[in-house]
Structures are given as C-alpha cells and as structure tokens.
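Input: a single structure, listed below in structure tokens.
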Amino acid sequence: MEYNAVVLEADREEIKILTKENLHLDDYVIIEKNQDKWIGIVKNKRFTLGEIGKAFIDLKFERILKESEWIENRGKNLYVIQLLAQNDSEIIDIPTHNVLIRKAKEEEIEKAIPKGSIEIGKASNIKIYTNKNVIFSPHIGVFGQTGSGKSNFVKLILKQIKKEDPDATIIILDRHGEYEQAFGDYAKYPEIKIDIKNLNPNEYVSFYELLFNVPPNYTNLHTVLFNTLDLLYEADNSLFENRTIADFFETMWGNKNLEEFRELKQKLNRLSMNLVEDYDKTRIRLLRRWRAIERFAKDLLLLKPSIGNQYIIERIVPNQINVIRLKAKRLSTKIYGAVLSILLYETLLLKTGEIDLSNLEKSNIYIVMEEAHAYLNRTYEDLLETAITLAREGRKFNVHLLVVAQSPSGLDSELLSQLTTIAAFRLTAREDINRVADMLGISASSIKGLPKYTAYFYSVEFRLPMPLKIRSIKHDTIKLIKDYDLSHL
Ligand SMILES: Nc1ncnc2c1ncn2[C@@H]1O[C@H](COP(=O)(O)OP(=O)(O)OP(=O)(O)O)[C@@H](O)[C@H]1O
C-alpha cells in the first residue's frame, strides 16, 4: 500500500513525515517525488557526521549523508537515511514536501544495490554482492562475539577472493585448526606445527639459536617476546627459583648433548650480559626475564621448523591459500602474536625489497589475523606499529589485512581507522557495542539485537551500514584453480 506522506513540521533541524504504512527498522523505503526516486533505509537514529566517529570520517563516508528525515510511524520516530545518491560525487538531500513514501519492492532494492561478484549474504531477501576491490579497499574488520559467525564470514570472503583473483596469496595463522577444515584440499599447509609435549634438548638448543640468530631488525619479535615473558612470569612464577636458564637446561637434560650444552651455556651467558646491559640492572629483574624466557621457549621452540634459519614468509606458497597450523593445547595469544609479528615484519621486508621472493611479491597478499584484540593494541607497540605501517601502505603494497576480533574495543583506534570495510556481528560487552555503534553511526540496540549470523556491513560501496544475513559456506564447494607446486619447499 502506498500513502502520501504529509509534512507535519519543518524547521531547519528536522522534518517530520507521517506515514501510515507499517515500517520497521532497516526496511528499505522508496521516497518519490514527481519522476524522482530515492531509496533509503529506516533507522532509529539520526545520523550526523559527528556521530559517525573519527575512524570513518574520510571522503567516502562524508558522502553518505547530510540529512536524515524522520517518519512518525505508529508513535515511533524512525529515520529514513539516504542510501544512494544518483551521482557518486554529490550529496542528494531527500525531498520532504509532497513526497510519496512506501516500502521498496524487491526489484527496486536489487536495482539500487551495487553489483559485484562476491555474494556475501542477503538483505530483505535480496542477494547482496560486492567485489574484492571494494571489500578490500584495502582492509577489513570482522567483529562479533564467539559463535556469531566471524570465521564463516572470513572463509566466505577468502573463498570468493580466490575465485576472483586466482593468483592471490592468502595467509592464515590457524589457531584452532578450523581453517584447515574449511579449505580442505584447497589450502596448502606450511609445516609450522606445534607439539608442546615432545621437546628434546636439541630443540632447546635450536630455541637458543633462534634467539641469537634473529636478525637485528627483529625488534618486533623481541618486544613481543619480552612483553610476553613478563606476562607469562606473572601468571606462573613458581618455576626456576634461583636458577638461571642455563642451569635449568643442564639439570633438566642431564649431560646429554654435552658439547651443545657447553656452547649453549656460553651463549646464554652472553645473553645474560646483554640482558643486563639492555634491559635491567638488577638481578631480580634479570631472573624474571630468564624464567619467562624459559616459559616462552617451551612454546616458541615448537615453531622452530619454520623460524630457525628460514623466514616464515619463505615457506608461504605464492598464489595459494596458506593455512599455517599453530595447533597446541595451550597456545597463548601472545605466542600467536609473536609469530604474527614475525610474519608481518617479513611481509614488510618482502614489500620493501629486503626479502627477495619475486613470485610472492607480485601477488596480492591477504593476511588473516584472528583474535586481534589480544595483540593489536598499545601493549605490543612494535607489533602494532608494523601492522599500522602495513595497513597504511597496504594499497601500495597490495597487502590486505583481515582483522578479526571478538572485542573491537581492545583494538588500537589508529588501526581501526585503517579498516575500510566492517562486518559487525552481534556483541554483548557494552564497550564493544558502543565502539562499533560509534564507528558505524548506528544505535547500540541495533547491534545488540542482531539476529544470528547477521552482521552490519559497511563498505565504501554501500555507504551505509546495513544488516546482512551472511551466507553460510557449509555447503560450498570450490575447485582447485592450480596444482600446487611444492618443489621449492
Ligand atoms: N551465515 C551462517 N549461516 C549458517 N550457519 C553459520 C553461519 N555462520 C556461522 N555459522 C555456524 O555457526 C557456528 C559458529 O560460527 P563461526 O565459527 O563462524 O563463529 P565465530 O564468530 O568465528 O566464533 P569464534 O569466535 O568462536 O571462532 C559454526 O558452526 C558455523 O557453521
């Protein structure tokens, strides 16, 4: 049914339109005047540029809207937000006098929604497509509580990226083994495995080698390492009371591999000297470091096969989905962050030409960062700086970041501001809800009330965050595009 809207009141601030039609939040409406049509989305919040939040005040977002109109609908105030300007470069105000306002028909929505080739979900039962250049222009943030559908969304995007850009190189540090399953034969698994139970003295030696062979520029690793160590120590300080790490190795492994141990001890002594000079003057602080290093070693050792003498990035198979398995019973987020730090740093080196892997350098690189709130913050200054640099230069480097987080409020705001596409699923913590509501310029209740597997989606193309029922990849099949070339591994 269509009703003529009646202008009730108009001042400089607000224009009220009365409609008898039953409109709901997020309904698409058509506003018609003479031959012109505008399509809008119904919101319960008036948008102003100020509300959109710092992160999104850039040229693209400013274009979204200047005006919103509100409709009186059975006593509720609902705002119609201008969705599509006819011309990209101009802001079109919704007319208010003598207009017809009604629910949009499916074909009208379909026509209005930008076309692309990645099917991401549905809005009002209409299939929504986007395209990879838009969604990764250049980075994407995926937020939502546990089980809300973040990983499904990431997998969906990645699969479709692969369809559109077969040469893309995708890197996923897989903490829980879920991506391995999702991509099946489609993915390649560089041999980075973690097996906490089976340590041996040689591995300890390798760990030690790792510490010393780390290239001097690996400040990221060191900072993450030492911050991690402090945290680990605080979590459990019962180990190695009054013992140096060298003593620990010796008592733990007896006199096996004596030669190596002797060498190890010498090097460890040098390490202790460095630590004294570089980090701390007091023995207690030093001891703390050592204890913590030992704890860290236990985890990090397990990464040895990849980190030892080789860059992680050298193990990445260009043009493939690389699922790096980081499976362990208790793999701390800090370790995950440390590995990621190395990987990001190496990606920077690759893109600045300091690591020479021409095949890889040429391709678009997509890096998935899970649980990003745990390490992309000021606690891990160097890791964060690398991520921000990569994010800023991403367009130039063809490096795209997928930042996935349960708690967006834990993410650094500068990094957040680099995320140009957002998929926000349901959140429960108030600070997370407020953060996302601020970022997208929508009300907190819209985020709280999101149904399962539905996300507010925003990208430069859509201009307004809109709730999409995200497509499930469960029954997706995907064909191999190329055979793997493993000869260089
Ligand atoms: N769009 C969807 N349609 C149908 N089922 C879905 C959809 N998205 C996710 N699921 C299902 O919901 C479950 C949880 O999804 P998913 O692992 O993507 O959530 P998550 O937010 O990544 O959770 P976590 O933070 O715990 O990793 C999975 O079993 C998945 O198959």
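Residue numbers for the sequence shown follow the numbering used here, so the first one is -2 and each next one is one higher.
We put the CB at the ideal spot given by N, CA and C, even for glycine.
- Message: Contact between the segment 438 to 450 and the segment 145 to 156 is defined here as three or more beta-carbon pairs at a separation below 8 angstroms; is this criterion met?
- Response: They touch, by the three-pair rule.
- Query: At a cut-off of 8 angstroms, is histidine 397 close to ligand 1 when judged by its beta-carbon and the heavy atoms of the ligand?
  - Reply: Because no heavy atom of ligand 1 lies under 8 angstroms away, the Cβ of histidine 397 does not count as near it: no.
- Item | Option in Asp162, Glu411 and Arg432 with minimal Cα separation from glutamine 403 | Out of Asp162, Glu411 and Arg432, Arg432 has the C-alpha closest to the C-alpha of glutamine 403.
- Message: Assuming the contact rule is C-beta atoms closer than 8 angstroms, isoleucine 362 and valine 320 should be a hit. Round their C-beta distance to whole Å, please.
- Response: Actually they do not touch by this definition, with Cβ atoms about 15 angstroms apart.
- Message: Please report the distance separating the alpha-carbon of histidine 370 from that of glycine 37.
- Response: Distance between the alpha carbons of histidine 370 and glycine 37 is about 34 angstroms.
- Query: What are the start and end residues of the beta strand (DSSP E) that includes glutamate 29?
  - Reply: Counting along the chain, the beta strand (DSSP E) containing glutamate 29 begins and ends at 25 to 30.
- Query: Looking at C-alpha atoms only, which residue of Glu116, Ser406, Pro462 and Asp429 is the closest neighbour of threonine 418?
  - Reply: Per the Cα distances, Pro462.
- Query: Got a sec? Which residues, its chain only, sit under 7 angstroms from isoleucine 313 by beta carbon, not counting five neighbours each side?
  - Reply: A distance below 7 angstroms between beta-carbons, with the five flanking residues on each side excluded, links isoleucine 313 to the following residues of its chain, in chain order: Thr166, Ile168, Pro187, Asn319 and Leu357.
- Is the beta carbon of leucine 412 less than 9 angstroms from the beta carbon of isoleucine 385? Yes, Cβ-Cβ distance for leucine 412 and isoleucine 385 is below 9 angstroms.
- Query: Quick one: what does DSSP say proline 464 is sitting in, helix, strand or coil?
  - Reply: Proline 464 falls in the strand class under three-state DSSP.
- Helix, strand or coil at tyrosine 98 [DSSP, three-state]: For the sequence presented, residue 98 should be read as isoleucine rather than tyrosine. In the structure shown, isoleucine 98 sits in a strand (DSSP, three-state: E or B).
- Task: Specify the secondary structure class of valine 39 as computed by DSSP and reduced to three states.
- Result: Reduced to three states, the DSSP call for valine 39 is strand.
- Leaving out five residues before and five after arginine 389 in sequence, what residues of the same chain have Cβ atoms less than 7 angstroms from its Cβ? Cβ-Cβ distances below 7 angstroms link arginine 389 to Gln415 in the same chain, with the five nearest sequence neighbours on each side left out; the list follows chain order.
- Query: Which residues mark the beginning and the end of the alpha helix (DSSP H) in which alanine 434 is found?
  - Reply: Counting along the chain, alanine 434 sits inside the alpha helix (DSSP H) bounded by residues 427 to 437.
- Item | Distance CB(isoleucine 27)-CB(glutamate 105) smaller than 9 angstroms | It is a contact, given that the beta carbons lie within the stated cut-off.
- Item | Extent of the continuous beta strand (DSSP E) run through alanine 421 | From DSSP, the beta strand (DSSP E) with alanine 421 extends over 418 to 421.
- Item | Cβ separation of alanine 421 and glycine 141, assumed to be a contact under 8 angstroms, to the nearest whole Å | Yes, they are in contact, since the Cβ atoms of alanine 421 and glycine 141 sit about 7 angstroms apart, within 8 angstroms.
- Item | Three-state secondary structure (DSSP) of phenylalanine 454 | Strand.
- List the endpoints of the continuous alpha helix (DSSP H) containing isoleucine 470. Counting along the chain, isoleucine 470 sits inside no alpha helix (DSSP H), nor does DSSP assign it H or E at all.
- Task: Using three-state DSSP, classify valine 556 as helix, strand or coil.
- Result: For the chain, the structure presents residues -2 to 486; residue 556 sits outside this window and is missing.
- Item | Straight-line gap, tryptophan 35 to lysine 100 (C-alpha atoms, nearest Å) | Each residue's alpha carbon lies about 11 angstroms from the other.
- Item | Continuous alpha helix (DSSP H) stretch holding leucine 155: start and end | Counting along the chain, the alpha helix (DSSP H) containing leucine 155 begins and ends at 147 to 161.
- Report buried or exposed for asparagine 19, applying the criterion of at least 16 other Cβ atoms within 10 angstroms of its Cβ. Per the 10 Å Cβ criterion, exposed.
- Query: In three-state terms, what does DSSP make of isoleucine 106?
  - Reply: If DSSP states are grouped into helix, strand and coil, isoleucine 106 belongs with the helices.
- Proximity to serine 406 [Cα-Cα], best of Arg392, Leu399 and Met436: When each option's Cα is compared against that of serine 406, the closest is Met436.
- Query: Within 9 angstroms (strictly less), CB to CB, does isoleucine 169 reach chain C?
  - Reply: You won't find chain C in this structure, because it holds only one protein chain.
- Message: Which residue wins for smallest C-alpha separation from arginine 392, given the options Ile137, Lys30 and Asp24?
- Response: Considering only alpha carbons, the answer is Ile137.
- Message: What does the alpha-carbon distance come out to for the pair tyrosine 126 and glutamate 116?
- Response: If you take the alpha carbons of tyrosine 126 and glutamate 116, they lie about 4 angstroms apart.
- Item | Distance between arginine 172 and glutamate 367 (C-alpha atoms, nearest Å) | For glutamate 367 and arginine 172, the distance between alpha carbons rounds to 8 angstroms.
- Message: Using the three-state DSSP reduction, which class does threonine 383 fall into: helix, strand or coil?
- Response: In the structure shown, threonine 383 sits in a helix (DSSP, three-state: H, G or I).
- Query: Name the DSSP bridge partner or partners of glutamate 367?
  - Reply: Here glutamate 367 is not bridged, per DSSP, to any residue.
- Task: Please find out if some non-hydrogen atom of ligand 1 comes closer than 8 angstroms to the beta-carbon of lysine 124.
- Result: Not one heavy atom of ligand 1 falls within 8 angstroms of the beta-carbon of lysine 124.
- Query: Helix, strand or coil: which one does DSSP assign to phenylalanine 394?
  - Reply: DSSP places phenylalanine 394 in helix when its eight states are reduced to three.
- Task: Would you kindly work out how many angstroms separate the C-alpha atoms of phenylalanine 394 and leucine 408, rounded to a whole number?
- Result: A direct Cα-to-Cα measurement between phenylalanine 394 and leucine 408 gives close to 23 angstroms.
- Taking the Cβ atom as the reference point for each residue, do isoleucine 309 and isoleucine 339 lie within a distance shorter than 9 angstroms? Cβ distance < 9 angstroms, so isoleucine 309 and isoleucine 339 count as in contact.
- Query: Any idea what DSSP makes of threonine 166, helix, strand or coil?
  - Reply: In the structure shown, threonine 166 sits in a strand (DSSP, three-state: E or B).
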